[in-house]
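First to last, the sequence lines map onto chains C, A and L. So for the first sequence, the numbering used here puts the first residue at 1; every next one is plus one. So for the second sequence, the numbering used here puts the first residue at 1001; every next one is plus one. So for the third sequence, the numbering used here puts the first residue at 2001; every next one is plus one.
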Amino acid sequence: MGDAQVVRLLVFRVGSLTCAAAAEVVREILPRLDTTRIPGAPPVVAGLVNVRGTLVTVVEGWKALGQPEPAARTEGGTTVLLQIGGGQKTIGFTVDEVVDMLAVAEETLEPRQALPGLDPKLVRAVGRRRDQLFVVLDTDALLGPVLTT
Amino acid sequence: MSHSVLVCDDAIFMRTMISDILAQAGFEVVGEAETGVQAVDKYKQLKPDLVTMDIVMPDMGGIDAVREITKFDPDAKILMCSAMGQQALVVEAIQAGAKDFVVKPFQPSRVLEAVQRVLG
Amino acid sequence: MDLSQYAELFLAESREHLSACNQLLLEWERHPAAPEPVGGIFRAVHTVKGMAATMGYARVADLAHRMENLLDHLRRGAAGRRAGDDVLQLLFRATDALEKAIQVSAAGREQDADVVGIVAELDRAVQRFAPDTAPRHAPPSPPSPPSPPPEVSAPVVGPGRRVRVTLRPEAPLKGPRALIVLKRAAGLGTVSQVQPQPAALEAEDFEGQFSFWLAGPAPADLVVATLAAAGDVEEVRVDDDAAPVARAETGAPLESGKARHIRVDLRRLDALMDQIGELVTARGRLNQLAAERRDPMIDDLAIQISRLSADLQAEIIQARMTPVWQVFDRFPRLVRDLARDLGKPVAFRVEGKEIELDRAILDELGDPLVHLLRNAVDHGLETPADRRRAGKKPEGEIVLAAVRERASVAISIADDGRGIDRARILAKAQAEGLLDAHVETLSDDQLLRVLARPGFSTAAAVTSVSGRGVGIDVAMTKIRALGGTIDIRTEVGKGTTFVLRLPVTLAIVRALIAAVGRERYALPLTYVAETVEFGVVPITTVEGREAMVLRDRVVPLVHLRQLLGVNGDQPPARRPVIVIEMGERRTGLIVDGMLGQQEIVVKAFDAPRGTLPVFSGATIMGDGVPALILDAGGLL
């Protein structure tokens, strides 16, 4: 370790799916915040939230990843703020829980592969943690199209 | 006690830069003037230890301001701020009573040297 | 020394001087024999030169220097002060080139500043004056050797000692420096036989070495020390004492002290504004809490904080206010150039220059105004021949005026030209299918909407407004984005006036908070004309749209529940209608209820794809939850 080829990842769970995002695009991890609906926005958009005075558009994780709607919205849930477009914009992404912060050697990640029920364009790679598969998401591909240019 | 300075130049840019240079070196910029008339008025009002004086200014030029100020206070310590190519005007200013001069573009070290010389 | 911190100040101040140059050149053009403009232009260019040299922008400094040379000749009356048109045009071009060079240099691309051509032109112009001109800055009086001070009355024994002084090779202005050395020497004794001649010294006609005889009792080491301290002195030798060689010392004792003045960075002002916004939000929360708790202590505190933050807010808004001349001042030049190109004499007047607007708004206003002014000169005004035929004076008139209204500033661009022929526009619009065939006349409002349609080209068929569409489209979009409006008034044969109305400040506005279902929306009060109760006034249908008749005017209605897709819950039986107004247009918005008025901080957000185009931003309510701000322009 300590070598150049280490990738830092934030691992989180959305429905039955364990996913990861590159740690360098994660700006903040927040509890679920009250959202304000944005009329006309696509259904994956949960709405607008107030992050210490800045307005951030939040995407509903389960909808974006085609997971079933959580049976009952329990208290809790987490909003991960992600930077997209090379840090140009910040967007919120709701997840059920944040699982771990990992530093893994890049070669342990398998390049993107087809996964059942998930658009291969959104998958950057697949990794393994405690014998469990996780999907490294291409957050730009997933969230970029939500916002207008 | 730090020396008080009156900075005269019609350009805010120049006043800012001179004031910054002097303030960083511990001088107290007590006033700024953007015309010759203001320079004379403020000199009389503030009686600063040092004046930096631009040559070309509206309403009353720097040289006339030097004449007026030295008429009021023969010991006034005035440092002319000149551009290249103004030697004749600088000569005139020195004959009018200015103690020294610096040439734009300013280098802080040269400005401070000149200021020290003037304050003697 | 890090100069980058001064780049913005340099740019801002240079622009002011360039603007002054342009104003003065225009004045000079109108009154070629007036003595004042050339002096002012000289000073402005000279100041730019000094600043540019300090920033290290050699090309800008060089160009300014050449301009200064030419101006100096003109100033000294070489050309009899009366500036020829060719010289004026050259100075206009040079000012433009200077502006460009400043811009690219300040942007860090000095190498892109192309000044070679214009510098050559300026030099050629100077050449034409050169033969009959005295050298510039001729010394005012033949310099006499500094007279010995009378109080030095030591016995003069011969000429004294020979003193040789060598100035540093890199010393600037060696002549004046030599004069300072001589002045210091005169303080020590009697100076004579200065070599080279003082006149040569002052004309810089020497290599940095000079000598003189000094008679007086001062010991050699004092002479050396005194003269070496005159600045830029490399060496002082006193003949009867070959040894002493002194080098000037440097170094400044550092005493602590502080400047009294402060300067505020523009970005800092923006950050401050954001924080005041936060404070206003927190104040709202506190007010809410005070209302809930009914605790007099909290109440008092809330009132006090309200007052303090209101004062603070007013101060900071005031600090952002910028007079419109900062943008308007470049227009006389623009109009003049256009008028010249098009061969249409124009009298251009600017009124209300001192009216202030939030800097953020003012910065965005330049482009739309340029479009509208171009239109006015190009299409609004007739040719001089046409004007004569119409019984008007051949010179057209354009007035750009700013007027403060209640919470907004109205900026009008009025020409006394041919006006817009409504019948022709109507025919054209109907032919393009923009309007129903049964529309018989165009109101000002409809006219504007037609003209502002992207791509509505009237081409040659409607010469009076050919190409107008493009400019108005751009201007309209920009003004709308700033929360403003455009109106048009036009009369055939009399002229056309565009009126832009802009909020004085963008950041904090008073808004009505409306409830729609369980959602809240803010509506800036600037656009709220009145509120009435739905169902109390007669409802009718106009062109298939629901409308109400309010004091003999038909006001179309919009159900915000439907428009915004709010579902669930029955709407309450009694519902208010908020009538919004922009120029002549009115629309009634049916909402579920009113939650009061408050000051809101307007914030931008990244709108998701598909977001309805009826929001101008969002704000954070007292409870910390965002609410969207309805855009009157988008709703009308």
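Positions of the beta carbon are idealized from the N, C-alpha and C atoms, including for glycine. Model, not experiment: these values are computed from the prediction.
Close partners of GLY2610 of chain L in chain C (Cβ separation under 7 angstroms): GLY40, ALA41 and PRO42. The beta-bridge partner set that DSSP reports for LYS2428 of chain L is empty. Judged by DSSP in its simplified three-state form, PHE2092 of chain L adopts helix. The C-beta of LEU2628 of chain L comes closer than 8 angstroms to at least one C-beta of chain C.
Those residues of the segment 2583-2606 of chain L placed with their C-beta closer than 9 angstroms to a C-beta in chain C are VAL2601, LYS2603, ALA2604, PHE2605 and ASP2606, ordered along the chain. When L:ARG2076, L:VAL2116 and L:GLY2187 are compared, the shortest CA-CA separation from ALA2094 of chain L is found for L:VAL2116.
Under the three-state reduction of DSSP output, THR2526 of chain L falls in the helix class. In the three-state scheme derived from DSSP, where H, G and I count as helix and E and B as strand, ARG2359 of chain L is classed as helix.
Inclusion of ALA2410 of chain L and VAL2403 of chain L in the CB contact set at 8 angstroms is warranted, their separation being smaller than that value.
Runs of the alpha helix (DSSP H) lying entirely within the segment 17-97 of chain C, each at least 4 residues long, are 61-64 in chain order.
MET2321 of chain L sits in a strand when the DSSP states are folded into three classes. According to DSSP, SER1082 of chain A shares a beta bridge with A:VAL1103. Its Cα nearest to that of ARG2340 of chain L, the residue L:THR2383 stands out among L:THR2383, L:LEU2550, L:ILE2486 and L:ALA2125.
The Cβ of GLY2108 of chain L sits no closer than 8 angstroms to any Cβ of chain A.
MET2621 of chain L sits close to ARG2520 of chain L, with the two beta carbons spaced by under 8 angstroms. Sorting L:THR2047, L:LEU2589, L:ARG2333 and L:ARG2043 by C-alpha distance to the C-alpha of ARG1015 of chain A places L:THR2047 at the top.
Judged by their CB atoms, ILE1055 of chain A and ILE1063 of chain A are nearer to each other than the 8 angstroms cut-off. Excluding its 5 nearest sequence neighbours in each direction, ALA2429 of chain L has C-beta neighbours in its own chain below 6 angstroms: LEU2435 and VAL2450, listed in chain order.
DSSP, read as helix, strand or coil, puts GLY2380 of chain L in helix.
Here the C-alpha atom of LYS89 of chain C lies approximately 10 angstroms from the C-alpha atom of THR57 of chain C. In this structure, ASP2623 of chain L lies away from ARG2336 of chain L, with their beta-carbon atoms at least 8 angstroms apart.
If the five residues before and after ILE2118 of chain L are omitted, its C-beta is found closer than 7 angstroms to the C-beta atoms of LEU2063, ARG2093, ALA2094 and ALA2097, all from its own chain and listed in chain order. In chain order, VAL2350, LYS2353 and LEU2400 place their CB closer than 7 angstroms to the CB of PHE2328 of chain L, counting only its own chain and leaving out the 5 sequence neighbours on each side. In this structure, DSSP gives THR2485 of chain L an extended state, which the three-state scheme calls strand. C-alpha of VAL2542 of chain L to C-alpha of ASN2567 of chain L: approximately 26 angstroms in a straight line.
Pairwise C-beta distances place the segment 28-39 of chain C out of contact with the segment 116-123 of chain C, as fewer than three of them are shorter than 8 angstroms.
Distances from the alpha-carbon of GLN1086 of chain A to those of L:ARG2320, L:LEU2173 and L:PRO2169 put L:LEU2173 closest.
For HIS2559 of chain L and ALA2618 of chain L, the gap between their C-alpha atoms comes out near 20 angstroms.
For SER2014 of chain L, the enclosing alpha helix (DSSP H) has its first and last residue at 2007-2030.
When the alpha-carbon of GLY53 of chain C is set against those of L:GLU2278, L:THR2490, L:LEU2563 and L:PHE2348, the nearest one is in L:GLU2278.
Here LEU1112 of chain A is not near LYS1099 of chain A, since their CB atoms are 8 angstroms or more apart.
ASP2002 of chain L and ILE2317 of chain L have their C-alpha atoms some 31 angstroms from each other. Comparing alpha-carbon positions, the option among L:ARG2585, L:GLU2364, L:VAL2537 and L:GLU2440 lying closest to TYR2527 of chain L turns out to be L:ARG2585. Judged by DSSP in its simplified three-state form, PHE2498 of chain L adopts strand. LYS1077 of chain A sits in coil when the DSSP states are folded into three classes, being neither helix nor strand. Closer than 8 angstroms to the CB of GLY2565 of chain L there is at least one CB belonging to chain C.
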